[in-house]
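When we follow the working numbering, the leftmost residue of the sequence shown carries the number 180, and every step to the right adds one. Scroll down for the structure; my scribbles are underneath it.
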Amino acid sequence: MTKSEVLKTIKKAKNVALFAHKNPDPDAYGAMFAMREALASFGAHADVFAIRNEKSNLDLIFPLDEVKTKFNAEEYDLCIMLDIFALKRINPEFVDGLQNSEKILIIDHHHVGSDEKVASENFFIEPEKSATCEILTDLFTEFKIEITPKMATYLWAGLIGDTDRFLHNNLSKNVLKTACALFEHGADAQFVYDALFRSVSMRQLGLNKAFINKLKFLEDGKVGYVIFTTKDLKKLDIDRDNLYTLYAEIVKIQGVEASFFISQIDEKHFKVSVRTKGLDSLKVSHKMGGGGHTCASAFECNMRLPEIKRAVHSWAKTIIEK
180 MTKSEVLKTI KKAKNVALFA HKNPDPDAYG AMFAMREALA SFGAHADVFA IRNEKSNLDL
240 IFPLDEVKTK FNAEEYDLCI MLDIFALKRI NPEFVDGLQN SEKILIIDHH HVGSDEKVAS
300 ENFFIEPEKS ATCEILTDLF TEFKIEITPK MATYLWAGLI GDTDRFLHNN LSKNVLKTAC
360 ALFEHGADAQ FVYDALFRSV SMRQLGLNKA FINKLKFLED GKVGYVIFTT KDLKKLDIDR
420 DNLYTLYAEI VKIQGVEASF FISQIDEKHF KVSVRTKGLD SLKVSHKMGG GGHTCASAFE
480 CNMRLPEIKR AVHSWAKTII EK
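What follows is the structure, given as structure tokens:
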């Protein structure tokens with residue numbers, strides 16, 4: 180779709196359901212809540228749908244108590260998938276409803292693999308952009324949709340989250356231009372930084388200690404990884420939603436070129452977040468049915484713990500191969 184077609188589609192809608200990927204991150208939540216505000220300026224009603232567990236520091240930024248979990252497609256004339264293009268990465272609770280939806284619009288920045296299927300023919304995907312919130316800022320600006328300070332703060336959180344404070348190699352002139360624009364629109368940058376990076380609970384400190392103790396290295400120290408089981412999280416009294424703050428920590432270590440942060444969902448199901456310093460993380464993530472970006476991607480796999488421990492050796496070799 181063209182930008183004008185995206186705007187036309189949005190403006191025609193009266194009742195909109197907003198979705199993102201499983202375990203929404205700042206970019207996913209930022210895009211959904213900013214879009215909700217934009218739709219309200221057109222006189223449309225919009226609901227944010229997500230499955231979440233216990234409260235985390237994201238509750239400090241986003242009104243997550245307003246998130247809905249029960250979706251009836253008949254109540255909406257448009258569904259917008261943000262920061263996601265494939266139904267397999269949506270919470271399964273929403274998939275049937277989305278498949279029965281009258282119309283789906285996709286706005287995303289993830290690279291679409293050659294063997295991947297986009298969930299709707301109505302899509303606007305810009306993989307060169309660092310974040311979906313960067314795309315929305317451009318769209319809102321071009322079509323003169325007012326970006327209020329609240330919207331700017333949501334969008335700033337997404338931009339900062341997906342660039343990891345401008346540390347990833349997805350940094351571009353437009354990222355910095357977007358950041359300046361959001362600042363001018365009243366984004367509370369310090370509030371977002373404090374919420375995301377300066378709000379550590381005692382439980383989080385316990386997690387950090389466990390993270391250091393569990394850290395292991397492969398390929399002569401070029402690859403680092405950690406594995407957190409459900410038993411570990413129960414012992415630490417912490418939810419999986421709080422793990423994302425550690426995903427990028429391993430590649431900050433000198434000499435480490437790639438990392439795998441592995442967390443158990445249930446006995447035979449794990450999530451793997453991959454981070455690199457310039458290496459192509461998608462060599463592993465696409466092969467495993469996941470996706471993302473060159474230096475930051477993820478996938479889920481149906482394996483038991485012993486299988487995961489063996490597989491990470493193979494993933495490490497694959498990712499550092501030139």
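Cβ atoms here follow ideal geometry from the backbone N, Cα and C, with glycine treated the same way.
Alpha carbon of residue i to alpha carbon of residue j, nearest angstrom
i, j, result
"V227", "E398", "43 Å"
"E446", "I406", "13 Å"
"T455", "R231", "27 Å"
"D204", "L415", "22 Å"
"N270", "H200", "7 Å"
"K321", "A336", "Note that residue 321 corresponds to Glu in the displayed sequence, not to Lys. Using only the alpha carbons, I get a separation of about 21 Å."
"F362", "F396", "40 Å"
"T188", "D411", "46 Å"
"H364", "E486", "49 Å"
"H448", "F440", "14 Å"
"G457", "I499", "10 Å"
"E307", "H288", "7 Å"
"L386", "N481", "25 Å"
"E254", "K190", "17 Å"
"F198", "D367", "25 Å"
"S183", "L218", "16 Å"
"S493", "T327", "48 Å"
"T342", "L350", "7 Å"
"G222", "L239", "27 Å"
"A331", "F241", "12 Å"
"E268", "V453", "The residue asked about is misnamed: residue 268 is Arg in this sequence, not Glu. If I take the Cα positions, the gap works out to 16 Å."
"K193", "D418", "36 Å"
Beta bridge counterpart(s) of residue i as assigned by DSSP
i, result
"N194", "H224"
"T455", "A437"
"E479", "K450"
"L284", "I259"
"Y423", "Answer by DSSP bridge pairing: none, since Y423 is not bridged."
"I189", "According to DSSP, I189 bridges with nothing at all."
"Y404", "K395, F439"
"K247", "F228"
"F302", "I285"
"D373", "According to DSSP, which records beta bridges pairwise, D373 is partnered with nothing at all."
"D445", "H448"
"G470", "A477"
Local Cβ density within 10 Å of residue i, reported as buried at 16 or more and exposed below that
i, result
"L237", "buried"
"I432", "exposed"
"I391", "exposed"
"R483", "exposed"
"F345", "exposed"
"F376", "exposed"
"V379", "exposed"
"R215", "buried"
"D294", "exposed"
"L355", "exposed"
"S220", "exposed"
"M381", "exposed"
"T316", "buried"
"G470", "buried"
"L338", "buried"
"R489", "exposed"
"T497", "exposed"
Under 8 Å between C-beta atoms of residue i and residue j
i, j, result
"N421", "Q369", "no"
"V451", "K401", "no"
"N348", "T473", "yes"
"A210", "C312", "yes"
"A252", "G276", "yes"
"G292", "D206", "no"
"V463", "Y404", "no"
"L243", "V195", "no"
"I304", "I324", "no"
"M180", "F319", "no"
"Y333", "A213", "yes"
"L461", "S442", "no"
Residue i beta carbon near the ligand PLP (any heavy atom closer than 7 Å)
i, result
"K395", "As far as ligands go, the structure on display features none, and thus does not contain the ligand PLP."
Check: With contact counted as at least three CB pairs below 8 Å, one residue from each stretch, are the stretch 257-265 and the stretch 291-299 in contact?
Finding: With contact defined as three or more Cβ pairs closer than 8 Å, the stretch 257-265 and the stretch 291-299 are in contact.
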